[in-house]
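Going by the working numbering, the first residue of the sequence shown is number 54, and it counts up by one from there.
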Amino acid sequence: MEFSTGPYYTPMERAEGRKPEAPRLERPIVPISELGSTVPEKDPVTGAHLIQNIDAYLRQGVRKLQIVMSTPSHSPMGGRPKAYGEEYRESVRELARANDLQIEGVEMPTSSMGNLSGYDQQNHSINEHKRQMDIQEVKDAIKFVADVAGGGGVDIWSQEFHRDVYDAKWNQQGKWKDAFEAYEGEEQYATAYVVDKRTGRMQPIMKGQPIFEPEYVEAEKEYWGKAFDGKTDVLIKRGDWVTEDGRLINPENEHELLLRKPKWNRERSEFKIKELSWDELKQKVNRYNERHNTQYTPEEFAIRTQLDNQILQSKGQSLYYSRNYEDHMKQLQELRKSLEYYKKLEAQMPEEEMWRIARDDPAFAYGLASQFVHAEKMKPTEVINKLIYGIEHDLKHIHEASSAADARAEEMMRQKNNMVSLSKYALQKSIDAYADLGIEAMNETMTNKHVNRPIHVGPESGWPQAYGGHPEEFIELIQKARERMAQKLQTQGYSKESAMEKAKVHIKGTFDTSHVGMWLNNFKKKQGESEEQRVKRFKTWYMDMVDKMSKADVIGGIQAVDSATGAHGHLPVGQGFLGQTVVEAVDKLKSEGWNGFIVSEGHEEEQYGRGRILTQTWKAFGADIGGGFFDRPTDWGSVEGSYFGHSNPPPYILGSYSPSEDYRGAPFWSGLPLD
């Protein structure tokens, strides 16, 4: 008798099939064996350690994985490479070897490491101490990857430094010009930053606020004239600063700058002031750079203008306080001579006769003795001492006020010469760090006995709000780091070609498909465009970026992830708005010869169904799971929810569904209850 609607055979019985007569027209985008998963260093729910987590994922069918370091780099206990000794590392190697598992590398903890520039958003600085600590963490991870995986990658979530979206280089040119904005009205509130190279402290420059500067005398036409020294012939162009007698002022010379002459407004009895918007400032900077062969950014020019104004103010204060300095010194010398003279007179003649001489003494007139009330009731030496005291007091004030103003001006001059754009300073820090770590990865590859494939290091595509989040920034950072590494290797004796080849092998990035998808929230909607049309147009941009990354050959691995919206998400591929776009991106890369690793990071649905991080990804990529009946292999969609990933109801009844005593005896004659 048949008690079910299923077949008489069980899943463990032998099944008969035959080889397909015709080749399969469809092919899986990526086979299951190449679709791996990220594995947490420590399970946030169960607290399981790394080996337990790897073992659990092996039982789900994974054959490739990337370890995600979850312990913050500032945590003294609990994990990270420093927590795994020789025996533990050997155990991981043996586990991988026994199960034909390939560990593709590690992702550094995003909770504490988001760049290699030293960018510290909380403390508003480029922190060199933090940068060096992060670099050391990556070096430890390179050694860890060499020991447990025999090679692979170390990726660092890339949020190198703050930058605005609306005026980013890639948003100002090309096919997708002005396609993005951080938020509506960004131009009004956008902020650029400059950094003091001495301290790393960042200073904001509000782009929506005007810049004010004195309006100086400028050349009204082009002519041949004299340089500031009055000897050298130079071509003076319209708009150049000039002295009152027409000599050229070099704006790169601090002392010549102090001799600029501001224009006077007779009607208002004040000097003329010029107001510059950010766009006007950019135009001025472009003209200045072209004229003087410099490379200032608008924010650098803005801070230099602000500091110039403060320098002029301090210098003006110094000049004001010291304007009578020489006269005071001359007067003091005369009074001191007179004091010695009258000391002798007081001992030799009557007071009346002494005052007669004093009235005719120019030192008294010069010393303003008439200011003293009833001066004749005092001895001349007493009057002179009071005058000396007053002048010394005035000189002390001049010394303190004027010298302090000069010191303040000198400090601001040094600050001005050490202020640099955040984008320049931080980017160079990141480039140097990746270049050094690329060399570290190369050396570890050559010297570690466990390594059987190259180790690489590189950024993981970050979020839109910082440099490193846009695919073109991702490409730029990797390419410049490779160039820097090649330069360093050439100093060690490598040829230019060999050095660049090494750099390409050991510096590669990780393409996070969901992070790039976050740009949807910044993608401008055209007038009259529906949301569906906007998303469709965004996916066109997405594939254009994939094409650029493919041509640049900068991708070492892919974290295949989806998201329901433009927010940061970790859904399995196919469960979000990107859907098949991720599959198409991977397919494009594979078809163009890319052979890096692919891991699913769609762990957000594990709370709903264990293993969806893998099963849904396999399904999205149309992966085969083995031989099939008759004319084609079985794909994942044919069995998902059946033998695998299937939820069965319990074979008993609980609670209110359980039959009462009145119904006992039914449906079985023996009276056996259903519960």
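Yeah, the Cβ is synthetic: ideal placement off N, Cα and C, and Gly gets one too.
- Collapsing the DSSP output to three states places Ala460 in a helix.
- In this structure, Gly629 and Gly622 form a Cβ contact; the two beta carbons are roughly 6 angstroms apart against a cut-off of 8 angstroms.
- Collapsing the DSSP output to three states places Pro351 in a helix.
- In the structure shown, the three-state DSSP call for Tyr394 is helix.
- If you ignore the 5 residues before and after Glu353, its C-beta comes within less than 7 angstroms of the C-beta of Val247, Met472, Val473 and Ser474, all in its own chain and listed in chain order.
- Contact check for Pro267 against Lys325 passes: the beta carbons are separated by less than 9 angstroms.
- With a contact defined as Cβ atoms closer than 8 angstroms, Leu288 and Ala486 miss out at about 44 angstroms.
- When the alpha-carbon of Ala605 is set against those of Lys561, Lys284 and Gly627, the nearest one is in Lys561.
- In this model, Leu301 and Arg313 are separated by some 10 angstroms (Cα to Cα).
- Look at Thr618 here: in three-state DSSP terms it is coil, with no helix or strand label.
- Between Tyr242 and Met259, the gap from beta carbon to beta carbon is short of 9 angstroms.
- The beta-bridge partner set that DSSP reports for His215 consists of Ala519.
- For Glu160, the enclosing beta strand (DSSP E) has its first and last residue at Gln155 to Glu160.
- Sixteen is the threshold: when 16 or more other Cβ atoms of the shown chains lie within 10 Å of the Cβ of Trp331, as they do, the residue is buried.
- In terms of Cβ geometry, Asp597 and Lys228 form a close pair [threshold 9 angstroms].
- In the DSSP annotation of this structure, the continuous segment of the beta strand (DSSP E) that includes Lys117 starts and ends at Lys117 to Val121.
- Per the coordinates, the alpha-carbon of Glu239 lies some 7 angstroms from the alpha-carbon of Tyr219.
- Per DSSP, reduced to three states, the secondary structure at Arg254 is strand.
- The criterion of a C-beta distance shorter than 9 angstroms is not satisfied by Val504 and Glu493.
- By alpha-carbon distance to Val98, the top candidate from Gly675, Gln669, Ala673 and Arg663 is Arg663.
- Thr668 has no beta-bridge partner at all, per DSSP.
- When Asn575, Gln468 and His450 are compared, the shortest CA-CA separation from Ala519 is found for Asn575.
- In terms of Cα proximity to Lys477, the closest of Thr350, Glu585 and Pro162 is Thr350.
- Under DSSP, the beta-bridge partners assigned to Val287 are Gly278.
- Taken atom to atom, the span from the alpha-carbon of Gln532 to that of Val607 is near 8 angstroms.
- Beta-bridge annotation (DSSP): Phe650 is paired with Gly610.
- Bounds of the beta strand (DSSP E) holding His509 are Ile508 to Glu513.
- A check of alpha carbon separations from Ala232 across His656, Gln185, Arg590 and Glu435 identifies Arg590 as the nearest.
- Three or more beta-carbon pairs drawn from the stretch 110-128 and the stretch 154-174 are found closer than 8 angstroms, and the two stretches are therefore classed as touching.
- Under the three-state reduction of DSSP, Ser86 is assigned to helix.
- DSSP lists no bridge partner for Asn470.
- Contact between the stretch 132-147 and the stretch 185-201 is present: three or more C-beta pairs spanning the two stretches fall below 8 angstroms.
- Excluding five sequence positions before and after Arg291, the CB atoms of its chain that fall closer than 8 angstroms to its own CB belong to Glu271, Ala272, Glu273, Lys274 and Glu275, given in chain order.
- Taking a 10 Å sphere around the C-beta of Pro403, we find fewer than 16 other C-beta atoms and assign the residue as exposed.
- For the set Gln580, Gly100, Gly515 and Asp380, the Cα lying nearest the Cα of Trp572 is the one of Gly515.
- Taking 9 angstroms as the cut-off, the Cβ atoms of Gln545 and Ala454 do not count as close.
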